[in-house]
Amino acid sequence: MPALIGLFVFRLGPIVFAFFMSFTHWDIFSPPQWIGFSNYVEMFSDSTFWEMLKNTFIFSGIYVPAVMAMGLFLAVLVNRKMPGITSFRAIFFSPVVTSAVAIGLVWGWLLSPKYGLLNNFLQLFGINGPSWLGDSKWALMSIAFVMTWKMAGYYMILFLAGLQDIPRTIYEASKIDGATPRQAFWHITLPLLSPTTFFVLIMAIIDSFRNFQIIYTMTRGGPGTSSTTLVYGIYQNAFVFYRMGYASAMAYILLAIVGGITLVNFYLKKRWVKYQY
Amino acid sequence: MNYKTIKNISVYAILTIFAIVMVFPFFWMIVNSFNTEQNIFRIPPSFIPDKLFKPGMFDNYQVVLSQYHFLRYTFNSLFVSFSAAFGQILTCSLAGFAFARMNFKGKNVLFGLLLATMMVPLQVTIIPEFLLMMKLGWLDSYLPLIVPSFLVGSFGTFLLREFYENIPKDLEDAAVIDGAGPFKLYWYVFLPLGKTPIATLFIIAFMNNWNALLRPILYISSDNLMTLPMALTQFQSQYGARWNLLLTGSFLAVIPLFIIYLFMQKYMVEGITHTGLKG
Chain A
1489 MPALIGLFVF
1499 RLGPIVFAFF
1509 MSFTHWDIFS
1519 PPQWIGFSNY
1529 VEMFSDSTFW
1539 EMLKNTFIFS
1549 GIYVPAVMAM
1559 GLFLAVLVNR
1569 KMPGITSFRA
1579 IFFSPVVTSA
1589 VAIGLVWGWL
1599 LSPKYGLLNN
1609 FLQLFGINGP
1619 SWLGDSKWAL
1629 MSIAFVMTWK
1639 MAGYYMILFL
1649 AGLQDIPRTI
1659 YEASKIDGAT
1669 PRQAFWHITL
1679 PLLSPTTFFV
1689 LIMAIIDSFR
1699 NFQIIYTMTR
1709 GGPGTSSTTL
1719 VYGIYQNAFV
1729 FYRMGYASAM
1739 AYILLAIVGG
1749 ITLVNFYLKK
1759 RWVKYQY
Chain B
1385 MNYKTIKNIS
1395 VYAILTIFAI
1405 VMVFPFFWMI
1415 VNSFNTEQNI
1425 FRIPPSFIPD
1435 KLFKPGMFDN
1445 YQVVLSQYHF
1455 LRYTFNSLFV
1465 SFSAAFGQIL
1475 TCSLAGFAFA
1485 RMNFKGKNVL
1495 FGLLLATMMV
1505 PLQVTIIPEF
1515 LLMMKLGWLD
1525 SYLPLIVPSF
1535 LVGSFGTFLL
1545 REFYENIPKD
1555 LEDAAVIDGA
1565 GPFKLYWYVF
1575 LPLGKTPIAT
1585 LFIIAFMNNW
1595 NALLRPILYI
1605 SSDNLMTLPM
1615 ALTQFQSQYG
1625 ARWNLLLTGS
1635 FLAVIPLFII
1645 YLFMQKYMVE
1655 GITHTGLKG
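Chains A and B supply the protein sequences, listed in that same order.
Heads up: the first sequence is residues 1489 to 1765, going by the numbering used here.
Heads up: the second sequence is residues 1385 to 1663, going by the numbering used here.
Shown next, in the form of structure tokens:
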């Protein structure tokens, strides 16, 4: 099956090609010019780039802990034998399978400043809700919230698989020793869940960099650049401003971050993950 | 009431609250798809749509489907997603078979590279891909939406390799003794045995392509080739204030996957948990 090897060219080729492109100036319409490190130099002196980077990390800083906490909470909640529990699991998972565009649209409507349900609801308590997507203070946070809402069910399923791997006998033993459910959670569940938590952490971080669709539907990176993350910035530079070389350089920064985080995680894993039951 | 009943009731109460939070946006989509433009802008918002069970109840659907070509977009989405999912099962099962059962030079290195590409966000490779599609003259056709799926996907290969590795060696030996070559072995033994993971892969690939946005907005420019999510974003930028129609369209984009999810839940959830990866 040597033909298969050819297929890899299509996956790896673009990654290598993008690397070379990041050293060029290219607007698609005229041939690319080799400009060495200029793209990188420009990028590091451009305040917009730093803002995108900041937004990316703020977004991850909100999204990753939020979605992991929600996922774990829901997983613990549905990890029991009760009638109807599978329906609840199915409901919690359903936003995961639906189109991010449709979700972005309906949340955009729910969060709209004047007619949106949320602000009308807050009005009942005398609170004047902000323009969630139109205010640069709130836009990124609102997107992180919607993405958490969409993806919580996914992490719930991952955590659930981990929870079900913990032998019941350990809980029974701890009960006999007089442990409260809370103690059992902190001293048994969490440590034994750590391989899953580690895996979920990597997935959530990488997932947090792929938030293109919701940003595109809800704010288009705005207002200003207040919700432009790296992923959205790459799209914008490449296909709105036609700066292919510059966007490739940004893409490589993104790649370096993703690669770096994966490596750091694998290194840390040795330190805090308990494997033995 | 004893302690256990109280505990159960409170668990159900919490479950119900979260279920409402999860379902509400979908409910709101449906409610507003039965609203007129006047009613949707009412303050405070009304929970009872003004066209529900009245003549012209499906007006929004009619307008969206025929006047704004959503019927066509639905067809495009279906066509693209089916073809792409078919491409995935074809190439991933071949590649999975090769990685599980054949020996060739550099196999482990290649598999390692394949797994590494799983982590790479699409935005990193999309620019060269776009230029390639432009060079090939494929812009504004179905091809750039479908063909990438015919090139090995890392998720699917990983899933199927895992499955194929667990197929007993005896089965393979028996087929080889009967004179089956690698291709026959794949076609008559491995492919039929792998129905479950292939169904899983098909559904996940279908879902990913149905929901995809970046490739359509880059590659498609004519109206009659747009997919549903792309059409929604276009509609949004042109008629941003027509929320009743926008939410009707969103509902149309959501409902086919919901139906598939309802029946194929097991495959979908299993596939996603199995490797913890999408796309």
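Here a beta-carbon is modelled for each residue, glycine too, at the ideal position from N, C-alpha and C.
Euclidean distance between Cα positions of I1645(A) and R1577(A): Rounded to whole angstroms, the gap between the alpha carbons of I1645(A) and R1577(A) is 8 angstroms.
Coil, strand or helix - H1675(A) by DSSP: Helix.
is_contact[G1660(B), chain A] using C-beta, thresh 8 angstroms: Low confidence applies to G1660(B): its pLDDT is 49, below 50, so where it sits in the model is not reliable enough to give any reading.
For F1635(B) and F1454(B), the rounded distance between their alpha carbons: Counting only the Cα atoms, F1635(B) lies some 11 angstroms from F1454(B).
Close-in-space but distant-in-sequence residues of the same chain around W1627(B) (CB under 7 angstroms, 5 per side omitted): Cβ within range, chain order: N1416 and I1424.
Element boundaries [alpha helix (DSSP H), containing F1633(A)]: Residues A1627 to Q1652.
Contact the region 1572 to 1590 of chain B vs the region 1525 to 1545 of chain B: 3+ CB pairs below 8 angstroms: Touching, yes, given that three or more Cβ pairs across the two stretches are closer than 8 angstroms.
Identified DSSP bridge partners for H1513(A): Answer is Q1521(A), bridged to H1513(A).
Spatial distance of L1478(B) from L1569(B) (CA atoms): Going by the C-alpha atoms only, they are around 11 angstroms apart.
Backbone CA spacing between G1709(A) and F1410(B) [nearest angstrom]: Distance between the alpha carbons of G1709(A) and F1410(B) is about 25 angstroms.
Chain-ordered neighbours of Y1704(A) on chain B, where CB pairs are closer than 9 angstroms: Neighbours of Y1704(A) on chain B, chain order: L1597, L1598, I1601 and T1617.
Any C-beta of chain A under 8 angstroms from that of E1421(B): Cβ-Cβ to chain A under 8 angstroms: no for E1421(B).
Residue-level contact to chain B via CB, N1608(A), 8 angstroms cutoff: Yes - at least one Cβ of chain B is within 8 angstroms of the one on N1608(A).
D1515(A) and R1731(A) closer than 8 angstroms at C-beta: Yes, the pair counts as a contact, with Cβ atoms nearer than the cut-off.
Within 8 angstroms, strictly: CB atoms of Y1603(B) and L1535(B): Against a cut-off of 8 angstroms, the Cβ pair of L1535(B) and Y1603(B) comes out as no contact.
Cβ pair A1484(B), A1589(B) closer than 8 angstroms: Taking 8 angstroms as the cut-off, the beta carbon of A1484(B) is found no closer than this to the beta carbon of A1589(B).
Chain B within 8 angstroms of Y1765(A), Cβ atoms only: Any reading at Y1765(A) must be qualified, since the residue scores a pLDDT of 40, below 50, and its modelled position is unreliable; no value is offered.
Cβ-Cβ distance between F1697(A) and A1640(A) below 8 angstroms: Against a cut-off of 8 angstroms, the Cβ pair of A1640(A) and F1697(A) comes out as no contact.
Near the ligand FMN: S1619(A) beta-carbon under 7 angstroms from a heavy atom: Ligands in the displayed structure: none, and consequently the ligand FMN is not present.
Residue-chain proximity (F1402(B), chain A), Cβ-Cβ < 8 angstroms: With 8 angstroms as the cut-off, F1402(B) counts as an interface residue toward chain A.
Residue environment, G1592(A), which counts as buried when at least 16 other CB atoms sit within 10 Å: Label assigned to G1592(A): buried.
Reference I1414(B), options I1432(B), Q1507(B) and P1600(B), closest by Cα: When C-alpha distances from I1414(B) are compared across I1432(B), Q1507(B) and P1600(B), the shortest belongs to I1432(B).
Inside the region 1711 to 1751 of chain A only - alpha helix (DSSP H) runs reaching at least 4 residues: As far as the region 1711 to 1751 of chain A is concerned, its whole alpha helix (DSSP H) runs of at least 4 residues are 1718 to 1727.
Positions along the region 1713 to 1728 of chain A whose CB lies within less than 7 angstroms of some CB in chain B: Residues V1719, I1722, Y1723, A1726 and F1727.
Distance CB(A1637(B))-CB(L1612(B)) smaller than 8 angstroms: Yes, the pair counts as a contact, with Cβ atoms nearer than the cut-off.
Cβ pair count under 8 angstroms reaching 3, the region 1686 to 1700 of chain A against the region 1540 to 1558 of chain A: Three or more beta-carbon pairs separated by less than 8 angstroms link the region 1686 to 1700 of chain A to the region 1540 to 1558 of chain A, which places the two stretches in contact.
Chain B within 8 angstroms of Y1603(A), Cβ atoms only: Contact of Y1603(A) with chain B is assigned, a C-beta pair being separated by under 8 angstroms.
Status (buried if at least 16 other CB within 10 Å, exposed otherwise) for Q1701(A): If you draw a 10 Å sphere on the C-beta of Q1701(A), you find 16 or more other C-beta atoms in it, and that means buried.
Contact list for the region 1499 to 1518 of chain B against chain A, Cβ threshold 8 angstroms: Flagged, chain order: T1501, M1503, V1504, P1505, L1506, Q1507, V1508, T1509, I1510, I1511, P1512, E1513, F1514, L1515, L1516 and M1518.
The region 1710 to 1724 of chain A touching the region 1534 to 1548 of chain A, judged by at least three CB pairs closer than 8 angstroms: The region 1534 to 1548 of chain A and the region 1710 to 1724 of chain A touch, with three or more beta-carbon pairs separated by less than 8 angstroms.
Residue interval of the alpha helix (DSSP H) (run including L1541(A)): In the DSSP assignment, L1541(A) falls within the alpha helix (DSSP H) that extends over S1535 to V1566.
Under the three-state DSSP convention, the category P1512(B) falls into: Reduced to three states, the DSSP call for P1512(B) is helix.
Limits of the alpha helix (DSSP H) - the one that A1500(B) falls within: Residue range K1491 to M1502 is occupied by the alpha helix (DSSP H) that includes A1500(B).
C-alpha gap between G1660(B) and S1518(A), whole angstroms: Here G1660(B) scores only 49 on pLDDT, less than 50, and its place in the model should not be relied on; the value that follows carries that caveat. Straight-line measurement puts the Cα of S1518(A) at about 42 angstroms from the Cα of G1660(B).
Among A1632(A), V1584(A), L1680(A) and L1560(A), nearest to L1641(B) - alpha-carbon criterion: That would be V1584(A), whose Cα lies nearest to the Cα of L1641(B).
Cα-Cα separation between L1628(A) and T1657(A), rounded to whole angstroms: Cα to Cα, L1628(A) sits roughly 44 angstroms from T1657(A).
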